[in-house]
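Residue numbers -21 to -1, 1 to 77, in mature numbering (1 follows the signal peptide of the UniProt record, and there is no 0), belong to the letters of the sequence shown in order.
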Amino acid sequence: MKFSATILAVAATTLVSTVSAQFPLCALSCFEKTMQLPQAQTCTEANMFLCFCKSTFLALAYRDCACKECPSTTTAVSAVQYGLDICTRRRTNWRFFV
């Protein structure tokens, strides 16, 4: 699945609109960066969330980004949890992520 800037912008809006006030902005940044990786760009799943949730590589890239870019350990943990929540809501198992 190829992702354009427009699709990523819509996804970002969707992500932000579905989260609480405690949503770490670094999670959004990491999601966008992860979905711009070649492995996401060539994904053949029906949508970007399935690509994100079914790929070990993308899950680990997101986790690594959160650990690197979030301003604190607490924020990084919140960002990782948000990634897990995205997949849980879509009933996709991220068992390799934690």
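C-beta atoms are modelled at their ideal positions from N, C-alpha and C, and glycine is treated no differently.
Between the C-alpha atoms of residue 40 and residue 58 there is a straight-line separation of about 13 angstroms.
The C-beta distance from residue 19 to residue 45 rounds to 16 angstroms, too long to meet the 8 angstroms contact threshold. Shown here, residue 18 sits in a helix according to DSSP, grouped into three states. A direct Cα-to-Cα measurement between residue 27 and residue 49 gives close to 22 angstroms. Apart from sequence neighbours up to five positions away, the residues of its chain that approach residue 55 with a beta-carbon distance below 7 angstroms are 45, 46 and 49, ordered along the chain.
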